[in-house]
Amino acid sequence: MAFTGNFMATSFKQQLLEGAHDFRLTGGDTFKLALYTNTASFTAATTAYTATNEVGDSGSYAAGGGTLTRINPTTSGTTAFTDFADLSFTTATITARGALLYNTTPAHTYTNPVVAVLDFGSDKSSTAGTFTIQFPTADALTAIIRIA
Numbered sequence: 027m028a029f030t031g032n033f034m035a036t037s038f039k040q041q042l043l044e045g046a047h048d049f050r051l052t053g054g055d056t057f058k059l060a061l062y063t064n065t066a067s068f069t070a071a072t073t074a075y076t077a078t079n080e081v082g083d084s085g086s087y088a089a090g091g092g093t094l095t096r097i098n099p100t101t102s103g104t105t106a107f108t109d110f111a112d113l114s115f116t117t118a119t120i121t122a123r124g125a126l127l128y129n130t131t132p133a134h135t136y137t138n139p140v141v142a143v144l145d146f147g148s149d150k151s152s153t154a155g156t157f158t159i160q161f162p163t164a165d166a167l168t169a170i171i172r173i174a
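Start counting at 1 in the sequence shown, then tack on 26, and there's your number in this note's numbering.
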């Protein structure tokens, strides 16, 4: 199995301290989610989007994935968090094992830096239908990006 759980890229953690990512809904960066087959291999050292082992174009899914709609960062207690709206690809025949969440418009000189690797736990498929990525609730316990 090539995917080994969900994790933030180590380079993303450094880039946060450098101010390279802006998650604000208004004026923030553009983030995308690309889907990958079970032959893709990512580690915490993965630094940038790659087309290698990405699922093929189908329906509304095209290379590079889909653009995510951000939810404004906020806090609860001592945890800061942000999230994204669910993302769907229509009329698509896709089998994906996981995804890369990455930034297409970062500050500084980074090119398509990875934010996180998402492991679906098993292959997920659609056949000429809608393939949807459901993001967790945007709160301090379950948001896709949390800093405690």
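C-beta atoms are modelled at their ideal positions from N, C-alpha and C, and glycine is treated no differently.
Remember, it's a predicted structure, so these values are computed and weren't measured experimentally.
* To do: Alpha carbon to alpha carbon, how far is ARG96 from ALA164? Give it in angstroms, no decimals.
  => 11 Å
* Asked: Going by alpha carbons, who is nearest to THR105 out of GLY31, ALA169 and THR36?
  -> ALA169
* Nearest-angstrom beta carbon gap, GLY45 and ALA133 [assumed within contact, 8 Å] -> 6 Å
* Can you tell me the Cα-Cα spacing of LYS150 and TYR62, whole angstroms? -> 10 Å
* Other residues of its chain near ALA77: CB distance less than 7 Å, five sequence neighbours each side excluded -> ALA89
* Asked: Grouping DSSP H, G and I as helix and E and B as strand, with all else coil, what is SER148?
  -> strand
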